[in-house]
Every structure is written in C-alpha cells, then in structure tokens.
Amino acid sequence: MMLLAIILLPMIGAAVPFMTERMGRTLCAYSAAIGPLIALGLLVSSAPTIFGGEVLYSQTSWLPSLGLNLNLRLDGLSLMFGFLIVGIGLLVILYARYYLAQRDSLAKLYALLQLFMMAMLGIVMSDNLMLLIVFWEITSLVSFLLIGYWSNQSDARKGARMALAVTGAGGLCLIAGALLIERIVGSFELGAIFAAGDEIRAHSSYPVILILVLLGAFTKSAQFPFQFWLPHAMSAPTPVSAYLHSATMVKAGVFLLARMYPALAGTEWWFYLVTFTGMATMLFGAYNALFKHDLKGLLAYSTISHLGLITMLFGFGTQLAVVAGIFHIINHATFKASLFMAAGIIDHETGTRDMRKINGMWKYMPHTALLAMVAALAMAGVPLLNGFLSKEMFFSEALHLESMGMFSWIFPLLATLAGVFSVAYSVRFIHDVFFNGEPIDLPKFPPHEPPRYMIVPVEVLVGLCLLVGIVPNLTVAPFLEAASLAVLGEQMPEYHIAIWHGVNLPLIMSMVAMAGGLIMYSQRTGLFAFYERKFRHDEKIVFESRVQFSVRVAQRFTDFIQNNSLQRYMALLIATAVAAIGYALWTMPQLLGPVAISDIEPVSLLGAVILIIGAFGTVLLHHNRLAALLLLSVVGLIVSLIFVRYSAPDLALTQLSVEVVTIVLLMLALYFMPQLTPNESGNKRVARDILLAGAAGIGMGLITLAILTQPFSSISDYYLANSVSGGGGANVVNVILVDFRGFDTLGEITVLAIAAVGIYAMLNGLHLPLPQADGEGRRWDKEPHPPILAVMARILLPLALMVSMFIFLRGHNAPGGGFIAGLVTSVALILQYVASGTAWMQQRLRWRYRRVAVSGVLIATLTGIGSWVFGYPFLTSTFSHIHWPVVGDFELASAMAFDIGVYITVVGATMLILAHLGKLAQSSHSPRPATSKPYSSPELTKGED
Amino acid sequence: MSHLAIAPVLIPLLTGILLLLGTGRPLVIQRSISFLSILAQVAVAAALIIGAAGGEITVYALGNWAPPFGIVLVVDRLSALMVFTTVVLAFFSLWYAVRGNDTPADSLHSVVHFLLMGVNGAFLTGDLFNLFVFFEVLLIASYTLLLHGGGAARIKSGLHYVLLNLAGSSLFLLAAAILYGVTGTLNMADMAVKVANATPEQTPLLTAGALLLLVVFGLKAAMVPLYFWLPRAYASASAPVAAMFCIMTKIGLYAIIRVYSLVFGSEAGELANIAQPFLWPLALITLALGATGALAARELRLQIAYLVVVSVGTLLAGIALNNVQALSATLYYLVHSTWICGALFLLADLIMRQRGATADRIITGPAVRQAVKLGGLFFIAAAAIIGMPPLSGFVGKLMILSAAQTDQQTFWLWAILLLASFVMITALSRSGSTLFWRTENRVAKADKADRGALLAVISMLSLALVLSVAGDPVVRFTEALAQQTLTPSLYIDAVLSHETLSGAHTGGAHD
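Quick mapping for you: the protein sequence lines, in order, are chains X and P. Residues in the first sequence are numbered from 1225 upward in steps of one, following the working numbering. Residues in the second sequence are numbered from 30 upward in steps of one, following the working numbering.
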C-alpha cells in the first residue's frame, strides 16, 4: 500500500497546482511540493528496511490474464533512484517557481512535472516488466509535452517530436523484447525473469531479445547513434532539462540496463553491444560537448558522454564495474542537475546561453559562479568531489578488463581520451562563462544574482557533490551498497570507496586527463575552426527533412493508389470477386454435376436470344441513355417471362410491376440529364472492362451451371408442406413473404421507407436547370398533357385500384399480395401523374407520402408486436376462417394486416419519389427564381412535405 | 416469454417511425424521443450482455417458426457485445448531435435509429439472407446519413459509397444464392452442419460462395483492396455521422468473424478455416497502407479515417490468427477502436470549428481558442488510438501482439504492427503540433465549444481509461467470448435444438 502511495501521490499532486494557481505563484509551488514531500517521507521511512537488505513488495491485480499487474517492489536500486527522482524533483519545483516568466503557466508545468515524477517512480518501482514499460511510455508522452512547453517556438516543437519519435520507437522495441521474454519465462514478473536468467541467455532468441531491450534502453539514454534527440530536447525550459535530461528520464535507459542485468548480462553479446555502444557514445558526446557554444548544448553533450560512460560500465560486466556505474548515476545526477540549474540562472539573468557572449560572470554573480564552478569541477573529475570517485573506479575497471585479449589496452586509452575531453569542456564552461574578459552584447545587462530561493536548489546539490566527494562512506555508501545488492544479488563484490588509494594507474590516468584537458582547452581556437569546417550538421534539420520526405512519399503513394476514381474502385471490387470465383472454379475437378441439363426448346431459346441482345444492346448503346434504358427494360421483361415459363407467377407479376415503376422513374430522372454521354474511356480501359465483365459473366454462368446440375434438397419442401396448415395460405410465395420470412419483408419495407426519407431529403428544395428541348434541339410539346390520355387514365384509375385490391386480397392463396398490389396501385397513380401533371394531382391528392410510407412500416411492426399479447414471438401469425353470409367462407389471417403495411409502404415510397421528381420537372415549365443553384452542386435544404 | 432479443431491432425501428411521423414537432421533443430511445437501447444491450455473460445462447424464433425454416435471432456473447458497442457509440454520437449538430433534425435522428436497427439486426440475426436484409437497411440509412448536411464533397463521396456498396450487395446476393443453391438452407447454424457434411463435388462450389462472401464482407470491413472509398467518405460526413460510421467497418469484421467461425469454422470439415489464409496477408497490407495514409493525410478528419483503416487491418490480423487469445484480443480492440475513433471524429469537429477557414487542414492556422482543453483531449485520444499506455489501445495492442503464435506470424505481425505504431506516433505528433502549437499569432473568431458537446467527447474518451484500468472483466468477457465463438457447435446446437412454443400455427377451425 505504501509503495502504491509513493507512486500515486505525485499523480494526485498533479491536479493540485491547477487548484492553487489563482492563489499566487509561491503558494502554487508549495502546494505542488506537498505530494512529492510525502512520497519522500515514505521513502525515507522505508530506507532502513531496505538498507537492511530487505525488499518491499506490493501486489495489486490489474490485467492478470495478460500477466500485467500493478506489482511494485522497493529494493536498493529503486530506493536510490526514488531518492534521486523525488529529491531532485522537489528542488526543480522550487527552482521553477523563480525560473518561469509570469506569462507562462506554472500550474501546467508543475502538473506535467509531477505526472512525470509518477511515471519515473513507476519505472523504478515496477516489479513487472510490462508495467515498467507502461510507465516507460508515459515518460515519453509527458516529456513530449514538457519539451514542447514553449510551443510557440519552432525548436521546441521539433525537439519534442523528435524526442517522442526516438524514445517512442525504442519503447516499441522494448515491448517486443518484453513479450519475447515472457514467451520464455511465462511471466512478466521481475522475480521470475531474474530466476530464469540462464534460460533466457541460453535461448535461441536471446540475441533478438537483447537487441530489442537494448534499443529501448539506448534510445531513452541517448546512446549513439540515437543520441541526437537529446541536444534538441534542450528547447525545454531549463527546470525540465535539469530534471528530465540530466537526472531522471535519460537515466531510465541505464536503469533498465541495471534492472535487466541479472537476466540478460554476462554474455559476449551483452559485452560487445553494451560496451562499444557506451564507448562510442562517451567519446562522441565528450568530443562534441567541447565545441558547443550553447551552454545547455555543452551540458547536453556532456550528459550524453556521461551516459555513455555509465553504459560502458554496465557493459564491462564485472561486479565492480556495476557498482561504479550505479555510483556514477548518482554523481552525475547531482552535479549535472546543479549545472543545468546554474545555466538556467545565467540564461535567466543574461538573456542568452551563448558562451561567446557570456563572459566574466564572476564579477556579476560570484555566488552562482562559485557553485557552478564546483559542480563543473565535479564533472571534470577533480579530487574531493564526487565525480572524481566514480571516475577513478571507471578508470580502474577499464584497466582490469581482459575480455579483449591483446586489444584490452584500448579501453584505458579511450577512457583517458574521454577524460581529456571531459576536462576540456568543463574548463571551458568555467573559464568562458565566469572569466575570459567582459560580456559581449548581452540582451540583459548588467546581470545580477538570482532571487535567493532560486539558488537554494543549486546549493543543495553542490553541497551533496562535496559531501559525497569528501566523506563518501558516511553519505552515499549505504545507498550504493543496497542498489548494487539489488543488481548483483549474492555476487556482491568487496569494494572500498576512498579518496586516496595511493599513486596507482587510475590516478595517473586522471592526472593525464587533467593535463590533457587543460592543453586542449588552450588550443581551442584552432580546434573550433576545425570543428566548424568538418562536423557541423544539425540533426534537427536532418530529422525534419526525413520526416517531410516520408510524408511526401506517403502522400504520393496514397494519391497514386487512391485516385478517387469510382471506375477504378469498382473494377477492383469486381476483379476481387472474379478472383474469388475463379479460384473456386480452378479447384473444381469437373464442372457439371449428375443432374441432366434439360432440352432446349424453341420458345426458351428465343427468350434467351432476346435477353442476350437486350443485355449487349444496353452496353453498346449506353451513350444514348434513353435507348439504353429501353433495352434494359427488354431484359427485365424477358426475366419476368422466364418466371412465367418456370411457373413462378408471383415473381413474374412482381418483376413486371417493378419494371414498369422503375422505368418510369428512370425516365423522369433522365429528363434532367444530358441525353447523350460522351465517350470518356480510352481503349485500354475499354479492353480492361470487357475483360473484367466477360470474366465476371462467364464465371457466374459457370458456377450457376455447376450448382444447377448438382442434386438439391432444401428447406423449401418444408414451406410447401406447411404453407396451408401453418401459414393459412395456399400461395407459398406470399406465405414466405409475410409469415415464414416476414422479418425479411419488414426489413425490406423499412429499406423502402428509409429510401423515401433519403430521397425526400435530397430532392426537397433542390433546383435543377431543366432542358428546354430534347437532345436534337426539338422543343417540348406545348401540350404536355394530351386530353385523350387524361380522360382514359381517369377512367382507368378506379379499375386499376380495384384490380390492385383484388390482387391484394387473394394474395395469401393465389398469386398476388401486398407488394404487387402496392406496385399496381402505384402504376395506376403514376399514370394519373403522367396524364394530368403533378400540379393537377397535388391539388387532388394531398398526401404526405413520406408519412404514408412510414405508416406502412408502423402497421407491419405493430402487427408483429401483436403476437406478444398472446405470448408468442414477434410476427407469429394466426388465422381463422370466418363464415360470412352471402360471401361464404372467408379466411382472415393476421398476416394480412402485415401485408397491408407492405402495401402502404410500397405505395408511399414509390409515389414519394415520383411526386418529387415530378415536382422538379414541373418547374421547368414555369418561371423559376434566378437564384437557383447550378446542378453540379445541388443544395439540400429543409422543407415541409 | 422474453422479447429482449428483438428489442435492439424494434426499439430503434419504432423510434425512427415515431420521429418521422412527428416531423415538424419542436426540436426539443424530437431530441428527447431520440435520446430516451438510445438510453433504452443501452439498457437493453447491457441486459443482453449480462444475460449472455454466463455462456447461455438465447435463440428467438421469429414468427415462432422452428429453425432452420424461420428466421432466428441469436444472442451469444459476440452478438451481445457488438450490440452494446454499437448503442454506446450511438449514445455519445447522439449526445453530441443534440448539442446543436443535428439540424435539419428530422431526418438525422430518425435515420440514425433506422441505422441502429440495421446494425443491431445484422449482429443478432442467425440467418444469412436476413443478414443481407439488414445490410440493406444499414446501407440505405448510412447513405442518407452520409448526405446529411449537404455539400458537393458529401454528394461525391456519398455516390462512391452507395454505388460500391450496392455492387457489394449484389455480390452478397450472388454469394447467398450460391450457398443456398448448394446447402439448401439460409440458417447459418444449419448451413454449418450442411457445410461440414458437404460432398466432394459440393466443396468447390461452397468455396466459391465462401470467398465471394469474403469479398462482400471485406468491402464492408474496408479491407485492402476494397477500402479506398472509405477515407473520403468518412472525412466528409458530418461529425455525429462520422462517429456513428466507426461501427460500419466493424459490421464487416463481425460478419467475417461470425461466418468464418461458424459456417466455415474449425468444424467445417474440408472447408474449415477457409478465409484465414487469405485474410492474413490482406490484413497486414491493410494495416501498412492505413498507416501510410495516416502519415500522408492533409486533413485531420482524413487522418482519423485512415486510423480507422489501421484498426481494421489490426483486427483482421487478429481474426486471421484464428486462436482464442487472438479473437479475444480482436474483440477487445474492436470495442476500443470503435469508441475511440468515434470520439476522435467528434473531437476533430470541435477543433475545426475553432480554426476558422483553416478548418481541419493540417497547416498553420489561427490559434485554437481552447487550445489547452482541446489539445489535451487530442493528446489523450491520440495516445489511446496509437496504443500508448495506460489507455485501452495499449492493452488491445498488447493482447494482439502476444496472440501471434508461430515464428512467422510473430515476425510479420510484430514488425508491421509496431512499425505502424511508430508511423502513427510520427503522424499524430506532427498533426497535433501543427494544429495546436504551430499557430499564427491570432485566435480564430469562434465560439467556445458547447459544454455539453465537450462533455460528450470527454466522457467518450474516458472510456479508453475505463477499458484499461478496469479492463479485467472486459478481458475475461472477451476471452469467454472467443472460447464460445471458436466452438461453433455451441451455437449450432443452441439454434438447431431450439424448440418453438406449441399452440401457434394451428389455424382456426373451419366452421
């Protein structure tokens, strides 16, 4: 519980500053510190237990089936890191109070810092590798926001994105590595992973695992060649740099090395990968640090160098090297954080970070200067400061390395070289900034000492540098001991931290580094010129141009495959379908099944020929829309004849009436379109389309043939047997429609009703420019409604309605039914529209067709719900025979009410479409307002129906 | 008897009808009806989930006709979860819509409910042809919705949408005809039995039907090479509609899961697991192309639409892996991506309203008025959809990654999924920093976001946290779900042994 509290306190604390922001900045800062302070207290209280060699655990189940649990541990390593994270975090909170300008939101910074603190504590206290990754990724996310804190600066934005991309990518690799580990160990729990160390190292995928985990660690800790994001993360406010980019986040990578050390270290792979990466990073960082004119740039590269040094120590793989690595983590965090803060103060007071301008600060701010100088000397590794101790240990370990055989001398040599650079840039920091003549062109002049409390954090940290440097055994020893124990377990080496070991090789190396560094610094002018010529490149520009480049490539590629052409998309769809059918046909041993093909008789043949002519004609004549439509109707009519031929009168009737209604509606629609379509496709496309269409047609034909020649038994027998007894109707088709599968019909009439709604929404209020003449320039007839037609139509209306009633009523037993009857009624009404005009009809038939259509669906639905009353499922039918006098036996089925719904919907929907298209046409014969919209961008407006 | 199973179909149907009959009534009444109805649907869906959680499969025989002759609705864990996901998404979309994003309201609300009827019906039905019917319902409703608000861009992408989907419907019909022509049944459970006992002559024909059906579902699900229409269509829809559309691809995915686990699943003899070998490469290509599109997108909404494609690729990969763990991961990820993509579309709308003429183009524009609030939400949403911890996307991604089994699966899935995540990090950090950080020195003249609408988005995004932090019951549910779904005999037995009530269909006596 206590461990959870340590993590949760800063998270809860993140909300506090927003509440106290209005009460002034100081109070805001104090309130922000409450959470971390309590967390620190908890850490302190548990320190004795940990120093005693115990490990505290806390287990909370989260996603047990994934193996991801909120299991925490507090061992020596976590404790040491915990102190760094919370302690330096508190100092940063104090520091930031004075650093940030009035216009910057303090609360936002504090909230993010505390979230970050929570995530960092999570990383170091996780007892579950996946949980560690969860926190790991949160640090990446929060650091994105922290680096981009001054979001109006381009550098900050780019730096933030770069950091996120690099550390995010590393995080993804780490996830993969953790999952692989889990496959071997069967758990993400650290205890289990440590115990299975030998198994992991012996496993065939160990190199992959190692590389993935190291990629995670190296990106986070800015190891070569991923170091480039760190200098650009310096666009963050300095408190953030001091906290994230020196003391904590970049240490997460080396923390991971330490954490996974028991499970992954101790192999050649580990040694070579980690040592050489660390070495390259150390040298690269140290070399570049010397040449940065930007204060924070120098510190950033120096950080990279020191991180490389720590990495290298872990790579060595000897027990003492691990101790030295952990020791250097502590030392680096203290002196580097104080240096960043000092740099921030100087920046704050002078308005610049350019060391070519900032000179002679000793005179203006001696207090700060003194502190910064001590910290810089610690960085250089001068005796009596903490940096010296760990550096000595590093040199000594480099000397004792024998893994490389005869090339082992390379390590002490390069270590000394890095030491030389390290001394040189530390000296540069001291000399350039605090001495070296007078300041040049400072934006703020004269600089003076910062507010009292801004310098307190630096004092604390520098004080620690001194304390650790002078009396290590009284201060840092227990931490180091406990942390090393956590990493090394039982193999704890005997070691002794002392300032004076006598004159030995490491000391001589230190001396050489000092002397070399001073000499190098004295030769700086020439070196700077050399560097400017050879090594100037801005990773930010490189990174940015790579991002831009990949975006452009992605855009070109996406535009290429998605050209927004309907024809292409349709062709792809059909091609895919053809491929599917083709694949199946390919696997077919023989096409035809055992059922014999019936003989061809002349009438069917004739029908087939006409059908083919109609279909081909439609395609060939499609440039002339009217002709194509007429030929299409031929296809439809033949299909209905085929239904007749094969004894499906219901289908034939339906097909016929659907055909009539659609052709009329399409004619109406054609009226608004050009009569001819231009020829737009080139030969290649025509060839492609012929091929596709041919393949699709032939494929479907073949598959149909294959199916029809297979023996067949289906559920339809049941329908035939139960239609009368169960559905109360002799017309099986109708009983299927309204009873057996009435639910389908309900769905389909809903489709009709929705279509009516949609078409209404689209057409209502739409104005189209209407053609005044046909394709050949002939004007429309002045008499659109010939009287003979009108008179005939009016006579026909009652007859047609009666027919439709007849069709409806007999529907359950003989061909007919609501759907067909509805269509017949529609045809009858359509005829009236055609004969007498929309206006004439509208005066007489003031129906709101949309409502009509919907009411039909309502009736059908309510009929279905009716069966609930009797305790049966939706749409359960019932029927009864009533004896009417005179008329005789009369059957009444509940399905009939359903069928009425169908009827009404069909009439409503078709009439709505017709009436609205007709209304559009009507306006061509009457003057229209001049403001009508062009038809290329039709406007949908709301209106009443 | 309980009619709960059909309620998710009938409630929205009646609501749609009621809203249309009440056209012209004050907006407040229409909104209230619509909102009350969706609340009722959420309650019903929750009841369905609770009912299905124990593993019971409820069969509702429409018209009291025994399967396989009549149509059945089947509530199992899968269909219950899908319905729940849908109505929760609709709840937030409508919540957002009633805050002034629903004019002209008469058609929007009614058609949303018709759409819900279609979607819920598609999830619940146990009949292949009935599935087709519900596909039609949701197609026509979605087309109407797509045009909601008007404008040339919508008309154009809407035309692509409707024509391609109509062609898809025709293919569906062909596929259903082929399958009926061979098996003689439309009930999926019955069809599964027939397929399992297919003769060698029937096998290639069934293959044809199965693969053609896969094309149809692939079109719905936005699988490569059939997704190209999607990004434009989604990006041009109005916000609540675009959010609603996040369920549309999932319908195709659901259909793939259902049909290829039940009818052509592990127990289908010769035809067992016929789709998975095709799905696997297509899934990974979809994933890669979606991520590329997200990087390439020049507008925020287009980018989100590509994120939808990425999620489709991820889900298809999960389906193709075809094991319990993978299917469980797929369903978890499905719920997550549906809700979060929906939230992103709504959020994109709030953002673009505050960017003046720059709208949602990813270029320098005026500063967003509520930059901190909207930017913060965008940050969270982006983290969730990329799959950054501790949000639901991370959990889902982790589940899918760990479901890969063979070395080859592991290599391809991990490489592509993780690379896609990296591309998404790059793409979204780029668009986010452009929209909120790289701004001109002026704030666009815009109203503050409506509080209610903002609250809708916030609550929706908080689902990402809920799904993760309180994810254990969800994961356990999806595991049980996967277990059930991949044991098709459970479903088949439940349907085919369903007994209808006695006493119906006897007819009245002749007197």
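A virtual CB, placed ideally from N, CA and C, is assigned to each residue, including glycine.
Original post:
For the alpha helix (DSSP H) that contains residue 87 of chain P, what are its first and last residues?
Top reply: Translated into positions along the second sequence, residue 87 of chain P becomes position 58. Note, residue 87 of chain P: premise wrong, no alpha helix (DSSP H); beta strand (DSSP E) at 87-90.
Original post:
Would you say residue 88 of chain P reaches chain X, if we count a Cβ-Cβ gap shorter than 8 Å as a contact?
Top reply: Position 59 of the second sequence, counting from 1, holds the residue named residue 88 of chain P. Chain X, which has no Cβ nearer than 8 Å to the Cβ of residue 88 of chain P, makes this no.
Subject >> Contact the segment 406-420 of chain P vs the segment 292-300 of chain P: 3+ CB pairs below 8 Å >> reply: no
**OP:** Starting from residue 1968 of chain X, find everything on chain B with Cβ-Cβ shorter than 9 Å and list it in chain order.
**Re:** You won't find chain B in this structure, because its protein chains are X and P.
Original post:
How many angstroms separate the CA atom of residue 321 of chain P from the CA atom of residue 204 of chain P?
Top reply: Working through the second sequence from its first residue, we reach residue 321 of chain P at position 292. Working through the second sequence from its first residue, we reach residue 204 of chain P at position 175. When rounded, the distance between both Cα atoms is 33 Å.
Original post:
Whose Cβ in chain X lies nearer than 9 Å to the Cβ of residue 341 of chain P?
Top reply: Residue numbering aside, residue 341 of chain P sits at position 312 when the second sequence is read from its first letter. Residues of chain X passing the Cβ test: none, with the nearest at roughly 15 Å.
Original post:
Roughly how many whole angstroms lie between the Cα atoms of residue 1536 of chain X and residue 1440 of chain X?
Top reply: One-based indexing of the first sequence puts residue 1536 of chain X at position 312. One-based indexing of the first sequence puts residue 1440 of chain X at position 216. Rounded to the nearest angstrom, the two C-alpha atoms are 16 Å apart.
Original post:
From the beta carbon of residue 1812 of chain X, is the nearest beta carbon of chain P less than 8 Å away?
Top reply: Locating residue 1812 of chain X in the first sequence gives position 588, where the first residue counts as 1. Residue 1812 of chain X counts as touching chain P.
Subject >> Under the three-state DSSP convention, the category residue 1942 of chain X falls into >> reply: Here residue 1942 of chain X refers to the residue found at position 718 when the first sequence is read from its first residue. Three-state result, residue 1942 of chain X: helix.
Subject >> Rounded distance between the beta-carbons of residue 1741 of chain X and residue 1651 of chain X, thought under 8 Å >> reply: In the first sequence, the residue the question calls residue 1651 of chain X occupies position 427. In the first sequence, the residue the question calls residue 1741 of chain X occupies position 517. With 8 Å as the limit, residue 1651 of chain X and residue 1741 of chain X qualify as a contact, their Cβ atoms being about 6 Å apart.
**OP:** List the residues of chain P that residue 1860 of chain X touches, going by C-beta distances under 9 Å, in chain order.
**Re:** Residue 1860 of chain X sits at position 636 when you count from the first residue of the first sequence. Result: empty, since nearest Cβ-Cβ is about 15 Å, beyond 9 Å.
Original post:
What residues in the segment 483-510 of chain P bring their beta carbon closer than 7 Å to a beta carbon of chain X?
Top reply: 500, 501, 504, 505 and 508
Original post:
So, are the CB atoms of residue 439 of chain P and residue 341 of chain P less than 8 Å apart?
Top reply: Taking the first residue of the second sequence as 1, we reach residue 439 of chain P at position 410. Taking the first residue of the second sequence as 1, we reach residue 341 of chain P at position 312. For residue 439 of chain P and residue 341 of chain P, no; Cβs fall outside 8 Å.
Original post:
So what's residue 1352 of chain X in DSSP terms, helix, strand or just coil?
Top reply: Reading the first sequence from its first residue, position 128 is the one you call residue 1352 of chain X. DSSP places residue 1352 of chain X in strand when its eight states are reduced to three.
**OP:** For residue 2152 of chain X, decide whether its Cβ has a neighbour in chain P, counting only Cβ atoms nearer than 8 Å.
**Re:** By one-based count along the first sequence, residue 2152 of chain X stands at place 928. Annotation note: pLDDT 42 at residue 2152 of chain X (below 50); position unreliable, no value reported.
Original post:
According to the neighbour-count rule (16 or more other Cβ atoms, all chains shown, within 10 Å of its Cβ), is residue 84 of chain P buried or exposed?
Top reply: On the second sequence, position 55 is the one that residue 84 of chain P refers to. So residue 84 of chain P ends up on the exposed side.
Subject >> Proximity winner among P:157, P:106, P:234 and P:505, relative to residue 1928 of chain X (alpha-carbon distances) >> reply: The count along the first sequence starts at 1 and reaches residue 1928 of chain X at position 704. The option with the nearest alpha carbon to residue 1928 of chain X is P:234.
Original post:
If we cut at 8 Å on Cβ distances, does residue 230 of chain P have a partner in chain X?
Top reply: Position 201 of the second sequence, counted from the start, is the residue given in the question as residue 230 of chain P. Output row for residue 230 of chain P: interface = yes.
**OP:** Please name the residue or residues paired with residue 216 of chain P in a DSSP beta bridge.
**Re:** Counting from 1 along the second sequence, the entry for residue 216 of chain P is found at position 187. DSSP output for residue 216 of chain P lists P:156 as bridge partner(s).
Subject >> Residue-chain proximity (residue 462 of chain P, chain X), Cβ-Cβ < 8 Å >> reply: Residue mapping note: residue 462 of chain P aligns to position 433 of the second sequence, counting from 1. Yes, its Cβ sits closer than 8 Å to a Cβ of chain X.
Subject >> 8 Å Cβ cutoff, residue 165 of chain P in contact with chain X >> reply: For the purposes of this step, residue 165 of chain P is taken as residue 136 along the second sequence, with counting starting at 1. With 8 Å as the cut-off, residue 165 of chain P counts as an interface residue toward chain X.
**OP:** Check whether the Cβ of residue 539 of chain P lies closer than 8 Å to any Cβ atom in chain X.
**Re:** Position 510 of the second sequence, counted from the first residue, corresponds to residue 539 of chain P. The predicted position of residue 539 of chain P is uncertain, since its pLDDT is 40 and thus under 50; no value can be drawn from it.
**OP:** Go ahead and label residue 181 of chain P buried or exposed: buried means 16 or more other beta carbons lie within 10 angstroms of its beta carbon, across all protein chains shown.
**Re:** As a position in the second sequence, residue 181 of chain P is number 152, starting the count at 1. With fewer than 16 Cβ atoms within 10 Å of its Cβ, residue 181 of chain P is classed as exposed.
Original post:
Secondary structure at residue 1373 of chain X, three-state DSSP: helix, strand or coil?
Top reply: Taking the first residue of the first sequence as position 1, residue 1373 of chain X is located at position 149. In this structure, residue 1373 of chain X counts as coil in the three-state DSSP scheme.
Original post:
In this structure, does DSSP put residue 397 of chain P in helix, strand or coil?
Top reply: Within the second sequence, the letter at position 368 stands for residue 397 of chain P. Residue 397 of chain P: coil per DSSP, three-state reduction.
Original post:
Got a sec? Which residues, its chain only, sit under 8 Å from residue 537 of chain P by beta carbon, not counting five neighbours each side?
Top reply: As a first step, residue 537 of chain P must be located in the second sequence, where it is residue number 508. Annotation note: pLDDT 45 at residue 537 of chain P (below 50); position unreliable, coordinate value reported separately. Once the five neighbours on either side are set aside, residue 537 of chain P has no close Cβ partner at all.
Original post:
Do you know how far the Cα of residue 80 of chain P is from the Cα of residue 33 of chain P?
Top reply: Locating residue 33 of chain P in the second sequence gives position 4, counting from the first residue. Locating residue 80 of chain P in the second sequence gives position 51, counting from the first residue. Taking the straight line joining both Cα atoms gives about 10 Å.
Original post:
Are residue 1520 of chain X and residue 1577 of chain X closer than 8 Å when you measure CB to CB?
Top reply: The residue you call residue 1520 of chain X lines up with position 296 of the first sequence. The residue you call residue 1577 of chain X lines up with position 353 of the first sequence. Less than 8 Å separates the beta-carbon of residue 1520 of chain X from that of residue 1577 of chain X.
Original post:
On the three-state DSSP scale, how would you describe residue 1968 of chain X?
Top reply: Residue mapping note: residue 1968 of chain X aligns to position 744 of the first sequence, counting from 1. Here residue 1968 of chain X sits in helix by DSSP.
**OP:** Name, going along the chain, the residues of the segment 232-249 of chain P whose beta-carbon falls closer than 9 Å to a beta-carbon of chain X.
**Re:** 232, 233, 234, 235, 236, 237, 238, 239, 240, 241, 242, 243, 244, 245, 247 and 248
Subject >> is_contact[residue 536 of chain P, chain X] using C-beta, thresh 8 Å >> reply: The sequence position of residue 536 of chain P within the second sequence is 507, counting from 1. Low confidence applies here, because residue 536 of chain P scores a pLDDT of 49, under 50, leaving its location unreliable and the question unanswered by this model.
Original post:
For residue 1986 of chain X, which residues in chain P fall below 7 Å Cβ to Cβ?
Top reply: Translated into positions along the first sequence, residue 1986 of chain X becomes position 762. The contacting residues are 176.
Original post:
Nearest CA to the CA of residue 1706 of chain X: which residue from X:1269, X:1457, X:1273 and X:2143?
Top reply: Numbered from its first residue, the first sequence carries residue 1706 of chain X at position 482. The shortest C-alpha separation from residue 1706 of chain X is found at X:1273.
Original post:
Can you tell which of P:429, P:391 and P:380 has its C-alpha closest to the C-alpha of residue 397 of chain P?
Top reply: Counting from 1 along the second sequence, the entry for residue 397 of chain P is found at position 368. When only C-alpha atoms are compared, the closest one is P:380.
Subject >> 7 Å Cβ shell around residue 1809 of chain X - same chain, five flanking residues per side excluded >> reply: Residue numbering aside, residue 1809 of chain X sits at position 585 when the first sequence is read from its first letter. The answer, listed in chain order, is 1923, 1926 and 1927.
**OP:** Output the boundary residues of the alpha helix (DSSP H) element that contains residue 364 of chain P.
**Re:** Counted from its first residue, the second sequence places residue 364 of chain P at position 335. Unbroken alpha helix (DSSP H) run through residue 364 of chain P: 353-382.
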